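A.B. asks: Can you keep this structure in mind? I'll have questions shortly.
There are 2 protein chains.
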Amino acid sequence: MRTSLDSADPAHQPRGSLTVVGIGPTGCRGMMTPDVREAIWQAEDLVGFEGYLNLLNKAVAPGNRHHFGLGDEVARCHHAIGLAAEGRRVVMVCSGDGGIYAMGSLVLETIASHHHREDRLAQGIELVMMPGITAMQALSAAAGAMLGHDFCAISLSTLLTPRETIWKRVTHAVAGDFVMALYNPRSRQRATFLQEVIDHCRAHRSATTPVAVGRALGSDQQTVVLHPLGEINTETVDMHTTLIVGNSQSCIHEMAGQRFAYTPRGYGGARLV
Amino acid sequence: MRTSLDSADPAHQPRGSLTVVGIGPTGCRGMMTPDVREAIWQAEDLVGFEGYLNLLNKAVAPGNRHHFGLGDEVARCHHAIGLAAEGRRVVMVCSGDGGIYAMGSLVLETIASHHHREDRLAQGIELVMMPGITAMQALSAAAGAMLGHDFCAISLSTLLTPRETIWKRVTHAVAGDFVMALYNPRSRQRATFLQEVIDHCRAHRSATTPVAVGRALGSDQQTVVLHPLGEINTETVDMHTTLIVGNSQSCIHEMAGQRFAYTPRGYGGARLV
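The listed protein sequences derive, respectively, from chains L and D. Taking this note's numbering, the leading residue of the first sequence gets 1376, the next gets one more, and so forth. Taking this note's numbering, the leading residue of the second sequence gets 1376, the next gets one more, and so forth.
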């Protein structure tokens, strides 16, 4: 999105810009789009979660850094909008895709809220949203082609969404036979919910359904493991893990000691090969 | 995925490679990942739908080109695998993400099928899958942050999937309150299905729900329009269009004559601002 929020008042010159970018799952160079790389290079100010900013080398991201902790998301938005309103070229750094389980919608929600309160802070800021490779895409490709047919993404985090809403989505995703990507699957405070989700999948899908489990996707430390649904152990999963549960057609194929998983597009008589 | 399909037989030297890449929605330079760009640059042979290969300038993609038409997907796979089996460095070019409604899963299905038939053609090929920005990501960002909370992707094409399977997915996506990205939404042969899907959404979601409609995403010809669900006209939609239908929380915000749409992560009392 490139949206200039200029007021019609000629006294209001275009001020700064706020670009929300996704740097890919772990900020690895090979998966970061050129648009995002260029925006980061040009930024006067980089705002983001400390862990994400630390993924960016000073040589490619020379701007001033404004670190925030987890849980400081609202303050992060206000700070970024405030800097842009001062006329600065600001980049909000997110992992994955800046619009998927990231800061994109909160930035817009914050600006909309300002506007409703007739706070003119955000007026005149040029807003740009840039997509990036999100974890499920890197995981699907590393495992084979898990997202080869209709799929959904569900965050299991109950911090901002009631557990009942998430559970309703899980049950409909399973009933609709969607391939299902699970973000924020498990935390210390939420140790058993993922197991309940997996149990529900097991009750409705074959025990041989492939489940891809990925960590540190795109980095040198990347691990991707394929489990049959019937054998997955959720104890090893944490918040830095992404899972993809296959649908009724997904399969694991072994060849020469290697395994890959894919979801075909054709079904039954419509299979192509 | 980097998988060497070497047989244990030492007489079988590693042969060629087959890399399935996604070049983003319209092959625009700014959204193509460096890994994909490098693979295309290094390719001895580029295999793909003519329309996608034509998006790549000879200066960045100097390899031999093997054009295929729409509907020739199986032949495309066999040809690419055959070239790789001859020891060549082959890239299969897809638009968007090579693993999402593209050739990734068909390549794996073809190789698995070969293996079952003990056809050794695919043995020894190094297979690599590389993700790319898919249309819904570019559309969501161009519109604001439509994919800001749980979402699904559904292809309305009935060529490979029975209409009943698709309809079941649509109804569960609506019942689960997923943001819904619709690929291949409408063709001349399938002129009314999209309208039925939209009618179903209208029966269950507010008439003010934002719907983003995008074409030629990422290119100079990009068009992105936001409609309220109650007012969208499906007659103008074709196979080159991507749609995103918001969920119950998605909203359109207008400021200084610009409109953007987003889906907040927080619900009700959990809203952040």
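The C-beta atom is built at its ideal place from N, Cα and C for all residues, glycine as well. Values in this document were obtained by computation on a predicted structure and should not be read as measured data.
#1: Which of the residues in the region 1504-1531 of chain L, read from start to end, lie with their CB under 7 Å from any CB of chain D?
#2: Does DSSP classify E1610 of chain L as helix, strand or coil?
#3: Given a threshold of 16 other Cβ atoms within 10 Å of its Cβ, counted over all protein chains shown, does R1563 of chain D qualify as buried or as exposed?
#4: If you compare alpha carbons, which of L:G1641, L:V1572 and L:A1450 is closest to I1607 of chain L?
#5: Classify Q1498 of chain L as buried or exposed, calling it buried when 16 or more other Cβ atoms lie within 10 Å of its own Cβ.
#6: Decide if P1537 of chain D is buried, meaning its Cβ has at least 16 other Cβ atoms within 10 Å, or exposed.
#7: Is there a Cβ of chain D sitting closer than 7 Å to that of D1384 of chain L, yes or no?
#8: Kindly indicate if chain D contains any beta-carbon less than 7 Å away from that of G1593 of chain L.
#9: Among L:S1392, L:Y1637, L:V1482 and L:L1393, whose alpha-carbon lies nearest the alpha-carbon of A1516 of chain L?
#10: Just to confirm before moving on: does the CB-CB distance between V1465 of chain D and L1393 of chain D stay below 7 Å?
#11: Taking buried to mean at least 16 other C-beta atoms within 10 Å of its own C-beta, is A1460 of chain L buried or exposed?
#12: Enumerate, from N- to C-terminal direction, the unbroken alpha helix (DSSP H) stretches of 4 or more residues contained entirely within the region 1566-1647 of chain L.
#13: How many angstroms separate the CA atom of E1419 of chain D from the CA atom of V1612 of chain D?
#14: Using DSSP with H/G/I as helix, E/B as strand and the rest coil, what is R1404 of chain L?
#15: Which residues in the same chain as R1640 of chain D place their Cβ atom closer than 7 Å to its Cβ, once the five residues preceding and following it in sequence are excluded?
#16: If you drop the 5 nearest sequence neighbours on each side, which residues of the same chain put their C-beta closer than 7 Å to that of A1414 of chain D?
#17: What are the boundary residues of the alpha helix (DSSP H) that includes I1456 of chain D?
#18: Measure the alpha-carbon distance for I1619 of chain L versus R1590 of chain D and round it to whole angstroms.
#19: Can you name, in chain order, every residue of its own chain whose Cβ lies under 6 Å from the Cβ of M1407 of chain L, other than the five neighbours on each side?
#20: Could you name the residues that DSSP lists as bridge partners for H1441 of chain L?
#21: Please report the distance separating the alpha-carbon of H1622 of chain L from that of G1474 of chain D.
#22: Can you list, in chain order, the residues of the region 1587-1618 of chain L whose Cβ is nearer than 7 Å to any Cβ on chain D?
#23: Return helix, strand or coil for A1556 of chain L, following the three-state DSSP convention.
#24: So the beta strand (DSSP E) M1352 of chain D belongs to, where does it begin and stop?
#25: Grouping DSSP H, G and I as helix and E and B as strand, with all else coil, what is V1411 of chain D?
#26: In whole angstroms, what separates the C-alpha of E1493 of chain D from that of G1457 of chain D?
#27: Check the DSSP bridge columns for I1529 of chain L and list the partner residues they point to.
#28: Can you give me the Cβ contacts of D1416 of chain L inside the same chain, cut-off strictly under 8 Å, excluding the 5 residues immediately before and after it?
#29: So the candidates are L:R1565, L:A1518, L:G1446 and L:C1527; which of them puts its Cα closest to the Cα of V1554 of chain L?
#30: Just to confirm my understanding: we take L1430 of chain D, look at its own chain, exclude 5 residues before and 5 after, and list those with CB closer than 6 Å. What are they?
#31: Are the beta-carbon atoms of A1481 of chain L and E1448 of chain L separated by less than 7 Å?
#32: If we cut at 7 Å on Cβ distances, does A1578 of chain D have a partner in chain L?
C.D. replies: The short version:
#1: Residues are counted here when their Cβ sits less than 7 Å from a Cβ of chain D; for the region 1504-1531 of chain L these are M1504, M1505, P1506, I1508, Q1512, A1513, S1515, A1516, A1517, A1518, G1519, A1520, L1522, G1523, D1525, F1526, C1527, A1528, I1529 and S1530, given in chain order.
#2: Here residue 1610 of chain L refers to the residue found at position 235 of the first sequence. Three-state DSSP puts E1610 of chain L in a helix.
#3: Here residue 1563 of chain D refers to the residue found at position 188 of the second sequence. R1563 of chain D should be labelled exposed.
#4: Along the first sequence, read from residue 1 onward, the residue named residue 1607 of chain L stands at position 232. Of the listed residues, the one whose Cα sits closest to I1607 of chain L is L:V1572.
#5: The residue labelled residue 1498 of chain L in the question sits at position 123 within the first sequence. Counting of Cβ neighbours within 10 angstroms places Q1498 of chain L among the buried residues, the total reaching 16 or more.
#6: By one-based count along the second sequence, residue 1537 of chain D stands at place 162. Counting the other CB atoms within 10 Å of its CB gives P1537 of chain D a total below 16, which places it among the exposed residues.
#7: Taking the first sequence and counting its residues from 1, one reaches residue 1384 of chain L at position 9. For D1384 of chain L, the predicted model reports a pLDDT of 48, less than 50, meaning its position is unreliable; a value from the coordinates is still stated below. Chain D contact via Cβ: absent.
#8: For the purposes of this step, residue 1593 of chain L is taken as residue 218 along the first sequence, with counting starting at 1. When Cβ-Cβ separations below 7 Å define contact, G1593 of chain L makes no contact with chain D.
#9: In the first sequence, counting from the first residue as 1, residue 1516 of chain L sits at position 141. Distance check between A1516 of chain L and each of L:S1392, L:Y1637, L:V1482 and L:L1393 places L:Y1637 closest, using alpha-carbon atoms only.
#10: Here residue 1465 of chain D refers to the residue found at position 90 when the second sequence is read from its first residue. Here residue 1393 of chain D refers to the residue found at position 18 when the second sequence is read from its first residue. Their beta carbons are under 7 Å apart, which means V1465 of chain D touches L1393 of chain D by this criterion.
#11: To locate residue 1460 of chain L, count along the first sequence from 1; it is residue 85. Result: buried.
#12: Listed in chain order, the complete alpha helix (DSSP H) runs (minimum 4 residues) inside the region 1566-1647 of chain L are 1568-1579.
#13: For the purposes of this step, residue 1419 of chain D is taken as the residue at position 44 of the second sequence. For the purposes of this step, residue 1612 of chain D is taken as the residue at position 237 of the second sequence. About 37 Å.
#14: On the first sequence, residue 1404 of chain L is found 29 positions in, with the first residue counted as 1. R1404 of chain L falls in the helix class under three-state DSSP.
#15: To locate residue 1640 of chain D, count along the second sequence from 1; it is residue 265. Around R1640 of chain D: G1523 and H1524.
#16: Within the second sequence, residue 1414 of chain D is the residue found at index 39, counting from 1. Correct list, in chain order: T1394, V1396, V1466 and M1505.
#17: Numbered from 1 along the second sequence, position 81 holds the residue referred to as residue 1456 of chain D. That run of the alpha helix (DSSP H) goes E1448 to A1460.
#18: Within the first sequence, residue 1619 of chain L is the residue found at index 244, counting from 1. Within the second sequence, residue 1590 of chain D is the residue found at index 215, counting from 1. Pairing I1619 of chain L with R1590 of chain D, the inter-Cα distance amounts to about 29 Å.
#19: Locating residue 1407 of chain L in the first sequence gives position 32, where the first residue counts as 1. Answer for M1407 of chain L: I1398 and G1399, listed in chain order.
#20: Your numbering for residue 1441 of chain L matches position 66 in the first sequence. DSSP output for H1441 of chain L lists L:V1422 as bridge partner(s).
#21: Walking along the first sequence from the start, residue 1622 of chain L turns up at place 247. Walking along the second sequence from the start, residue 1474 of chain D turns up at place 99. For clarity, residue 1622 of chain L is Asn in the given sequence; the question names His instead. About 15 Å.
#22: Cβ contacts with chain D come from no residue of the region 1587-1618 of chain L.
#23: For the purposes of this step, residue 1556 of chain L is identified with residue 181 of the first sequence, where counting begins at 1. Of the three classes helix, strand and coil, the one that applies to A1556 of chain L here is strand, per DSSP.
#24: Because chain D in this structure spans residues 1376 to 1648, residue 1352 of chain D falls outside the shown range and cannot be described.
#25: Numbered from its first residue, the second sequence carries residue 1411 of chain D at position 36. In the three-state reduction of the DSSP assignment, V1411 of chain D falls in the helix class, which pools H, G and I.
#26: The residue given as residue 1493 of chain D occupies position 118 in the second sequence. The residue given as residue 1457 of chain D occupies position 82 in the second sequence. Low confidence applies to E1493 of chain D: its pLDDT is 44, below 50, so where it sits in the model is not reliable, and the reading given next is rough at best. The C-alpha of G1457 of chain D is placed about 15 Å away from the C-alpha of E1493 of chain D.
#27: Residue numbering aside, residue 1529 of chain L sits at position 154 when the first sequence is read from its first letter. The bridge partners DSSP lists for I1529 of chain L are L:L1557.
#28: Your numbering for residue 1416 of chain L matches position 41 in the first sequence. Position check: residue 1416 of chain L holds Trp in this sequence, whereas Asp was assumed. Cβ neighbours of W1416 of chain L beyond the five flanking positions: V1435, A1436 and P1437.
#29: The residue you call residue 1554 of chain L lines up with position 179 of the first sequence. For the residues L:R1565, L:A1518, L:G1446 and L:C1527, the minimum Cα distance to V1554 of chain L belongs to L:C1527.
#30: Taking the second sequence and counting its residues from 1, one reaches residue 1430 of chain D at position 55. Closer than 6 Å at Cβ, skipping near neighbours: G1402.
#31: The residue labelled residue 1481 of chain L in the question sits at position 106 within the first sequence. The residue labelled residue 1448 of chain L in the question sits at position 73 within the first sequence. Looking at the sequence shown, residue 1481 of chain L is not Ala but Leu. Against a cut-off of 7 Å, the Cβ pair of E1448 of chain L and L1481 of chain L comes out as a contact.
#32: In the second sequence, residue 1578 of chain D corresponds to position 203, counting from 1. Contacts with chain L at 7 Å (Cβ-Cβ) do not include A1578 of chain D.
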